[in-house]
Structures are given as structure tokens and as C-alpha cells.
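In the working numbering, the protein residues as written are 7 to 483. Report on one structure; see the data block that follows.
This is the structure:
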């Protein structure tokens, strides 16, 4: 596998470019060839930027600037702007939407030497937990082409897991980095709200604390490198906080002398027995690294359905606001266009909420925040399963039952969205395989302590390395 560039780390690929042993153009050619040969299996990419990537690679020199991502191919989710490239949001009405300017995170990874090699698949406006849309179709996990990659950053996770990109950018408003990371056996990190800047307009305050841009990678160290590149304040973001240079890369080498609260179900969700067992075994890796792990059953003071309704209220209002922005800026009314029935329903509900209902949802959100904060008065980290089940049929919205308990098929199997309500950093770490399919362990940290999440995740990786589990590793296509 070491000779295959597709599964080498960003650190390794950047090092050989900086040393002059290989040119960035060689990396780009390698990945473009693999995408051409393998993308049809997972449908990870919807736009392959061959000419743009080759031109960017031509401009990358060797050795002189020491950029951490120099010559590293990066995939970008198709709801994140790359200048001059369509941002479709997976929606038919947005097929010809071409932004003039890149998102802040894209600018920053490119400033660090990375090369954007393509845009990856997403459901319409990230409105579901699997990746499928009328424009490009479903995306599958590389572990089984008939099963979902998760969503909504499913294309980014599938690309990284199948060696079609070294690292990827995605977004997370309810688990959209962590859900596909679990389904594809990769590392997905939702940063603390306010860590990564956004040029969100016209509502500069609307993205935080709800939707965050973050990395999907095969190694925890690569995620730390990407976070070092994209974190920090920006003049366009009124809420983003400063960071210390190098703090995330330093974290992955840190001892894990921490107190960890282990709550398999968060006290809210049904979990398939084999998933619970596999994640439970992975938790021992944190203990092996020196952490004190204690079983905890938090009381969120509300039922799962009450909390889901509160989270969904905010999510649906955001979708309704997106409709208004698109109508004002592009003259397109999504409710009069070709969108799926589920997205239409969510937008209509978002338009219908009263101010009282919205503030009631904020009260429930505050209760969740207070419970999580109280846990962090005693513990350094909280650990749970990421999902209730392994990946399922890629054409399905999701299961209606887990362990005989009826759930919402769209979000009821995802233990991720509570932490979009609170703004805490949260990551999905590969925990192992169940019947050959990947499942993830969720690690949650205090606000702006992404370094602790990275440190624990790196300890799991050292104890239970997952790099050899990828179906395409060692396959020269």
C-alpha cells in the first residue's frame, strides 16, 4: 500500500513534493487516473476539475515555502463554493449556479498548497442523512456499492475512503461530516462553532452555531493539518474565534490523561447490538492510552422526539431562509421548481413556524447545551456511537425501526445532531467493521477544545489502526 499514492497521507504526499522527489503534477495525474477508473463505483464526484487541478499543480514549486498541504489533492463538497465551478447543492434548479468567489475554507486550503481536484456529491441542500439527488443519483460506501455512503457529505467521505482524494472538505449541520465518516470508515471532524470562518451572506450570523465546514480524512493527523489551515477569524465572519498556530497538529501527539464519559446511546437512541459491541471495544483504546473511562447516562430532560423537533425547527427555518436568498439573488423559487417532495415539505414547514415555536426550540436547545456543559465540568470528553446501524441500502432514506423501536427514518438513527444544537466539537472515528461494514465512534469535546477530540482520536488510531481496512487499498486499479 505504501507505494500507492491514493492511500498515502497528506503529510507524506506533501513531503515528497517539498523535497522535490515528486512534482504536484504527478499527484494530480495519479488521482485523475484513479477517479476516471473508479468513480463510477461510488459516484463520489459530480465535477472532476482536471484542467483546473493541472493548472494549479503546475504552479506548485518544491521545497521553498513549506506549505503543509503542498501538492495534496482535496475534494470539496458540492455545497461549498469553488470559484468558477458549479455549486449545485445537488439540486436541479441550481445546475448552472457558478460562484465568482471561493469559500473561505477553500481559499485557505489552496493557500496551504492543496489542489482542488473535484466537487463531490450531496443531497439537495444537505437535507437528509444519505446522499442521493435527482441531478446525480446516489453515492455508495466503498465497502459495498449497494449501500449508502451516508450524508450529506457522502461524496467527500466516499472519495477519501476509496483513494479518490487524500482529504476532503464537507459541512455538518446535523451530522453531515460524521454520518458519512462512519458509513465510509474515515475520520470526520465537525469543528467547534466559530472555529472555521464563513463568508455567509446575506445572513452573516446564520451559520453558527449550526453548520460548520470541516475535514474528512483517512488519518487524524491529516485532519489536524487541514484544521490548522482553515481555522481562525476572517473579516467577513462576525462570530469566528482566534486559534493558536500548530495547536491541532501538536494535539495528535499528546498523552491522553483524560476523564472520558462513555454513553453508548446518549440515553436517547436505540443502537443495534453489534454496533454497540464494536464501539464499546473501540472505547478501550482510549483507556489503553491512559484515560479514565466511566459509563454515564445523561438526562437531557426531553424525549428524543422533542429534541429532534427542536433541532429540526432550526434546520427547516434555515432551509426556508435559503429559499428566500436564492429567490432574491437568482429569481428562482425552489417551491416552484423541480425539487424532491421531502425537501419541499421541509421548506414549507420552515416557512410556517411561528416566532414562539422557534424560541421554544431554542429553550430545548439551551437545555441540551446545559446538560453537555455540566458533563464537561466533570469529564474532558464524551464518547458515544456515531450511528445506530451500519450502512444500509443506498436508495433508502433510512430505517423505520432499530431494535424494534420506531424511529424517524431520516435522522432517528444518527446520534450526531444534538451537538449541532450546542456547538461543541465532535468527530466520528472508525471503530471497526460489522459484517464487513464500517461503524464509527463519536467523540465530543468542550467548546474550542478540538485539540482534545483530536488527541483521543489519534490514540484510537494508534491502538486500532484502520488504514488497511479500505477495500481499494493496495489495488492498483
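Note that CB positions come from ideal geometry on N, CA and C, so glycine has one too.
Local Cβ density within 10 Å of residue i, reported as buried at 16 or more and exposed below that
| i | result |
| --- | --- |
| residue 152 | exposed |
| residue 180 | buried |
| residue 139 | buried |
| residue 412 | exposed |
| residue 104 | exposed |
| residue 372 | exposed |
| residue 218 | buried |
| residue 39 | exposed |
| residue 335 | exposed |
| residue 485 | Here the chain covers residues 7 to 483 and nothing more, so residue 485 does not appear. |
| residue 135 | buried |
| residue 191 | buried |
| residue 114 | buried |
| residue 116 | buried |
| residue 352 | buried |
| residue 279 | exposed |
| residue 101 | exposed |
| residue 14 | buried |
Spatial neighbours of residue i in its chain, beta-carbon cut-off 7 Å, leaving aside the 5 residues before and after
| i | result |
| --- | --- |
| residue 226 | 193, 258, 460, 463, 464 and 467 |
| residue 182 | 132, 157, 158, 159 and 176 |
| residue 457 | 253, 254 and 257 |
| residue 374 | 306, 313, 424, 427 and 428 |
| residue 64 | 31 |
| residue 28 | 22 |
Among the options, the one whose alpha carbon lies nearest that of residue i
| i | options | result |
| --- | --- | --- |
| residue 184 | 445, 458 and 454 | 445 |
| residue 239 | 229, 250, 130 and 476 | 250 |
| residue 243 | 104, 12, 205 and 267 | 205 |
| residue 173 | 252, 416, 458 and 11 | 11 |
| residue 392 | 277, 479 and 155 | 277 |
| residue 196 | 429, 437 and 441 | 429 |
| residue 419 | 241, 178, 19 and 275 | 275 |
| residue 433 | 223, 155, 209 and 94 | 223 |
| residue 356 | 42, 330 and 336 | 330 |
| residue 267 | 158, 304, 82 and 208 | 304 |
| residue 281 | 135, 188 and 232 | 188 |
| residue 263 | 246, 292, 256 and 248 | 292 |
| residue 157 | 458, 424, 416 and 471 | 416 |
| residue 79 | 102, 241 and 54 | 54 |
| residue 450 | 443, 440, 424 and 19 | 424 |
| residue 294 | 122, 261, 120 and 310 | 261 |
| residue 120 | 134, 33 and 190 | 33 |
| residue 82 | 124, 376, 49 and 310 | 124 |
| residue 209 | 442, 379, 327 and 378 | 327 |
| residue 398 | 199, 442 and 117 | 442 |
| residue 246 | 216, 231, 92 and 221 | 216 |
Span separating the alpha-carbon of residue i from that of residue j
| i | j | result |
| --- | --- | --- |
| residue 51 | residue 161 | 6 Å |
| residue 25 | residue 77 | 12 Å |
| residue 30 | residue 60 | 9 Å |
| residue 170 | residue 308 | 42 Å |
| residue 410 | residue 130 | 30 Å |
| residue 70 | residue 283 | Summary for residue 70: the model assigns pLDDT 48, below 50, so the residue's position carries little reliability, and this model does not support an answer. |
| residue 1 | residue 288 | Summary: the structure shown does not reach residue 1, with the chain confined to residues 7 through 483, and so no result is reported for it. |
| residue 46 | residue 167 | 14 Å |
| residue 88 | residue 296 | 42 Å |
| residue 388 | residue 56 | 42 Å |
| residue 350 | residue 422 | 24 Å |
| residue 96 | residue 312 | 29 Å |
| residue 437 | residue 408 | 20 Å |
| residue 16 | residue 358 | 46 Å |
| residue 427 | residue 396 | 24 Å |
| residue 382 | residue 448 | 16 Å |
| residue 469 | residue 19 | 24 Å |
| residue 74 | residue 201 | 19 Å |
| residue 472 | residue 290 | 15 Å |
| residue 37 | residue 23 | 15 Å |
| residue 91 | residue 384 | 47 Å |
| residue 285 | residue 453 | 24 Å |
Same chain, Cβ closer than 6 Å to residue i, five either side skipped, listed in chain order
| i | result |
| --- | --- |
| residue 344 | 98 |
| residue 298 | 265 |
| residue 301 | 268 |
| residue 1 | Within the shown structure, residues of the chain are numbered from 7 to 483, placing residue 1 beyond reach of any answer. |
| residue 155 | 137, 145, 146, 147, 163, 164, 186, 189 and 190 |
Distance cut-off 7 Å: residue i Cβ against heavy atoms of the ligand ATP
| i | result |
| --- | --- |
| residue 327 | No copy of the ligand ATP appears in this structure; indeed no ligand is present at all. |
Cβ of residue i within 8 Å of any chain B Cβ
| i | result |
| --- | --- |
| residue 290 | Among the protein chains of the structure shown there is no chain B, as only one such chain exists. |
Neighbourhood of residue i by C-beta, 8 Å cutoff - its chain only, sequence neighbours within 5 removed
| i | result |
| --- | --- |
| residue 323 | 356, 359 and 364 |
Open item on the list: Assess contact between the segment 266 to 275 and the segment 140 to 148, defined as three or more Cβ pairs (one per stretch) separated by less than 8 Å. Is contact present?
Closed with: Short answer: they don't touch.
(message) Tell me whether the segment 310 to 318 and the segment 361 to 372 touch, counting them as touching only if at least three CB pairs, one residue from each stretch, are closer than 8 Å.
(response) Put simply, the segment 310 to 318 touches the segment 361 to 372. At least three CB pairs are less than 8 Å apart.
Any contact of the segment 103 to 110 with the segment 391 to 405, i.e. 3+ C-beta pairs under 8 Å?
-> Pairwise C-beta distances place the segment 103 to 110 out of contact with the segment 391 to 405, as fewer than three of them are shorter than 8 Å.
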